[in-house]
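First comes the structure, then the notes that go with it.
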């Protein structure tokens, strides 16, 4: 008993050789490349926009800068969560819900920022490249949100109960009210 065999089943992992750094299976073979595309497109759009040294109407440029930088950081955060043991610390339903909202809201804001930047940009080739990558990133975010919605990973789908059955509203109260008995009708 001194070799530690008594503790082996409770303290050691059941399958220690099956650890993977990045869980592509968690995201799937379609969503993982979309996450990487979101990360790359938003980063390239941000870098191209940052290289622009002068502009006449900078409002669209600044809005695009904010959205592209935020989208890059959020995509990076989600990839880090999915590709590290951190995903085991987060509730899977909450992670899917957060991922859905980040993908859909970021895709919509990226689309708006790309349209605004395209409408207000100067005739600079870097601005055109930046807008092109902004549109590509917004399409990647929106496609992932649609895929999540179609797969039932959105917050709008019916949630399962703890035992796996769908939640059905109860029609019966948990405790039936005690019927008042009339005096003199006591049973002996």
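Numbering (UniProt numbering), first residue to last: 1 to 188.
Just so you know, even glycine gets a beta-carbon here, dropped at the ideal spot from N, CA and C.
Quick caveat, the model's predicted, so the values are computed rather than measured.
Local conformation of residue i per DSSP, three classes
i, result
"residue 17", "Confidence in residue 17 is poor, its pLDDT being 49 and thus under 50, which makes the residue's placement too unreliable to answer from."
"residue 124", "coil"
"residue 90", "coil"
"residue 33", "helix"
"residue 156", "coil"
"residue 58", "coil"
"residue 84", "coil"
"residue 53", "coil"
"residue 47", "helix"
Under 8 Å between C-beta atoms of residue i and residue j
i, j, result
"residue 63", "residue 119", "no"
"residue 107", "residue 141", "yes"
"residue 144", "residue 94", "no"
"residue 154", "residue 66", "no"
"residue 49", "residue 130", "yes"
"residue 189", "residue 68", "Residue 189 lies beyond the residue range present for the chain, which begins at 1 and ends at 188; the question has no answer from this structure."
"residue 152", "residue 116", "no"
"residue 147", "residue 30", "yes"
"residue 98", "residue 35", "no"
C-beta neighbour in chain C for residue i, strict 8 Å
i, result
"residue 132", "Looking for chain C here will not work: only one protein chain is present."
Original post:
Does the count of Cβ pairs from the segment 78 to 85 and the segment 119 to 135 closer than 8 Å reach three?
Top reply: Short answer: they don't touch.
Original post:
How about the segment 34 to 43 and the segment 74 to 81: do they share at least three Cβ pairs that are nearer than 8 Å?
Top reply: Flag = yes, the segment 34 to 43 and the segment 74 to 81 touch.
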